[in-house]
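Each residue of the sequence shown is one higher than the one before, starting from 134 at the first, in our numbering.
We treat Cβ as the ideally placed atom computed from N, Cα and C, and that holds for glycine.
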Amino acid sequence: MKALQAGKHVLLEKPMALNAEAAKEIVRAERKAGKVLMIPHTMRWEPHALQVKEQLDKGDWGTWFTKKINPEAAYY
């Protein structure tokens, strides 16, 4: 919250907070600061992400130099 209060955009890793009230407090700070708060979400298994992967694998988008979606493959 100090970063938001200092006028900075914030990328906040999960968990966002330890409880719902703390999360709401962070969102209130974002709104008050008028800055962007983003909590990343892995979309690897979302239908649209799987569709893009399938299209890439089939070559529907031409030749790619790389199609590595996440350099942290060991994470999965």
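Let me know the secondary structure DSSP gives L145 once reduced to three states.
-> The answer is coil: DSSP assigns L145 none of H, G, I, E or B.
Alpha helix (DSSP H) segment containing I159, residue limits = Where I159 is concerned, the enclosing alpha helix (DSSP H) stretches over A153 to A166.
Counting only runs of 4+ residues fully inside the region 172 to 199, write out the alpha helix (DSSP H) ranges in chain order.
-> List check, alpha helix (DSSP H) in window: 180 to 191.
Residue from R161, M176 and T175 whose Cα sits closest to the Cα of V169 | When only C-alpha atoms are compared, the closest one is R161.
DSSP puts L170 in a beta bridge; with which residues?
-> BP columns for L170 point to V143.
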